[in-house]
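Asker: Sharing a structure here in structure tokens format.
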Amino acid sequence: MGRTFRVYLPHTILPLYQLLATHPSCVGFSYIEEGIVAYRPNSEVKNCIPAMIPNLSGIQKWVMRGRWDMEWPFDKRAEAAYGFSSSSFSTIGVPVVVQEPNWSVSSDLAKRYDHSVLCILGPARTLVKSSWNPEQYYWMIMQLAEILVHTDRKIFVRFHPDQKDDERRLILRLFNEKIPGAEVASDEDQAEAICASADVVIVQAGSSVGLYADQLGKPVYGYLDLMQEIAPRAVQSWVDTRSQMSYSFRERDIRTFGN
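Residue numbers (my numbering): 6 to 264.
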């Protein structure tokens, strides 16, 4: 009783994060961004978080009351994709319990995702600052599908946890118009675990999964150039962030896919 400590959870474990943050004994919580976003300025990272918080029932009121903080983004300490341990938090000053992700090889994931393309989509609302509009965003989705149709690999679409259900249904319908049989990757199947287990090609734009996949030797394609027309400010933000990173992962232009 009365002890103060922090628990680090990978951001993919949102339900557990919610459970702990809303516990009656919890007096406050921090959100620590991982991967590529962790290289952004603290103020910019903090501005990204409120879009996600409303999806965590019971936490939004804490944000309004100032019971959360962004004191410790990893910034330059996140020089590799995922290497967090208790020592990563040595400067915090209170005990830290670290829940390390389990991304060991899974035969079930290999069976489901072998010889596939995992297309990772960010939520449309992340482009708000770029004055995007839905028609442009869905046009970009159609362009992606038209490129990916030229492969014999199975296509999986991976949504961000913040993507709304109606947006998910529409995006999947757009994919299926071009690629009948395209499926949604289960939210329970972590992208990093899929990378560790299966013969998979990763398609992404500014996702930390690209870092992890590259470290495992998986082909990584980016579609920032497709986003340039609809969200130039968002693209420039990612370009600036990438330029600050000490680790540069190999990313091919999606327009060369299949060549």
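Ideal placement from N, C-alpha and C gives every residue a C-beta, glycine not left out.
As an exercise, report each continuous beta strand (DSSP E) stretch of at least 3 residues that is fully enclosed by the stretch 226-262, in chain order.
Answerer: Fully enclosed beta strand (DSSP E) runs of 3 or longer: not present.
Asker: Return the first residue and the last residue of the beta strand (DSSP E) that L126 is part of.
Answerer: L126 -> beta strand (DSSP E) spans S121 to L126.
Asker: Looking only at C-alpha atoms, which of T261, S212 and C124 sits nearest to T246?
Answerer: The shortest Cα separation from T246 among T261, S212 and C124 belongs to S212.
Asker: For F161, which residues does DSSP report across the bridge?
Answerer: DSSP, once it has assigned bridges, lists L123 and E188 as partnering F161.
Asker: With DSSP collapsed to three states, give me the class of V99.
Answerer: Looking at V99 - three-state DSSP - the assignment turns out to be coil, as it is neither helix nor strand.
Asker: Report yes or no: do the stretch 189-207 and the stretch 113-123 share at least 3 C-beta pairs separated by less than 8 Å?
Answerer: The answer is yes - the stretch 113-123 touches the stretch 189-207, with three or more Cβ pairs under 8 Å.
Asker: Looking only at its own chain, which residues have a Cβ that is under 7 Å from the Cβ of F254, when we skip the five neighbours before and after it?
Answerer: Once the five neighbours on either side are set aside, the close Cβ partners of F254 are G215, L216, D219 and V225.
Asker: Please confirm whether H165 and G227 have their CB atoms less than 8 Å apart.
Answerer: No, Cβ-Cβ distance for H165 and G227 is not below 8 Å.
Asker: If contacts are defined as beta-carbon pairs under 8 Å, then I259 and I152 qualify, I think. What distance do you get, rounded to the angstrom?
Answerer: Correct: roughly 6 Å between the Cβ atoms.
Asker: Can you tell me where the beta strand (DSSP E) with I207 in it begins and where it stops?
Answerer: Element bounds for I207: V205 to Q209.
Asker: Could you check the C-alpha separation between W243 and L231 for me, to the nearest Å?
Answerer: Spanning the two alpha carbons is a distance of roughly 13 Å.
Asker: I'd like the list of long-range same chain contacts for L221, defined as Cβ closer than 6 Å, with 5 residues on each side in sequence excluded.
Answerer: Here the set comprises C200.
Asker: Let's test the definition: count the other Cβ atoms within 10 Å of the Cβ of E256 and tell me whether it reaches 16, buried, or not, exposed.
Answerer: That one is buried.
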